[in-house]
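Presented below is the structure to which this report refers.
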Amino acid sequence: MWCEWGLSPLPMGMRLRTVGEEDLPFLRALYRTVRDPELAMTVWTEVQKQAFSDSQFALQDRHYRSHYPGALFLLAEYEGERVGRLYLGTAPGPLRLMDITLMPAWRGRGWGTALVRAVLERADREGRETLLFVEANNPAYGLYVREGFVHEAVEGVYVRMRRPVNQA
């Protein structure tokens, strides 16, 4: 049984739903967790750090929505608790894994792997490659390699990775 976005079933208790306006505070907080390591190296006040993080979140959100029409912006929940996000570009061509981010307490526990595998199963069913961009120092880089993604090129601070269709 596939969920409404064509993704395979997720682990028990986890579900995906479309992001709504009511999720913006959570999404801003989630984004901040990704930026915290670099913000920790600044001499900014907490107010300055939050303002910077909020502005960068807004820019990223605007970029995703303007450059990927028809993309799926999904919120990951576990037993009703918001735990992360999955953004998926579904335009013709490769399926684009735009973003997977989990709250720190949910990282390293297999949830990201489950989300990636659900995306890859959809791509395989549709006969599509999967494309993503990731920073080389992101711990998820190793996950993507384990799941069959191949390093294609470096574009700025990002590594472009592609996973061919699995014909098995």
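In my numbering, the protein residues as written are 8 to 175.
Backbone N, C-alpha and C define an ideal beta-carbon position, used for all residues, glycine too.
Computed from a prediction, not measured in an experiment: that's the story for all the values here.
- As the crow flies, the alpha-carbon of L46 is around 12 Å from that of D61.
- Counted as a single uninterrupted DSSP element, the alpha helix (DSSP H) harbouring A121 occupies residues W118 to E133.
- When only Cα atoms are considered, F156 and R169 end up about 5 Å apart.
- Residue M21 holds the alpha-carbon nearest to the alpha-carbon of R92 among M21, P16, V172 and V164.
- Secondary structure at Y75: coil, using DSSP grouped into helix, strand and coil.
- Closest by C-alpha distance to V126, out of Y151, M110 and W113, is Y151.
- The segment 99 to 111 and the segment 126 to 145 touch, with no fewer than 3 CB-CB distances between them shorter than 8 Å.
- Pairing L79 with T97 gives a Cβ-Cβ distance under 8 Å.
- By the neighbour-count criterion, in which a residue is buried when 16 or more other Cβ atoms sit within 10 angstroms of its Cβ, G119 is buried.
- In the three-state scheme derived from DSSP, where H, G and I count as helix and E and B as strand, A160 is classed as strand.
- Residue P44 holds the alpha-carbon nearest to the alpha-carbon of N144 among E28, M110, P44 and A112.
- Scanning its chain for C-beta atoms nearer than 8 Å, with the 5 sequence neighbours on each side dropped, one finds around Q57 the residues R39, in chain order.
- Contact between V161 and Y148 does not hold, since the beta-carbon distance rounds to 12 Å and is not under 8 Å.
- The closest CA to that of A65, considering only P76, A36 and L82, is found on A36.
- Note that the C-beta distance between D30 and R124 is not below 8 Å.
- In the three-state reduction of the DSSP assignment, A83 falls in the strand class.
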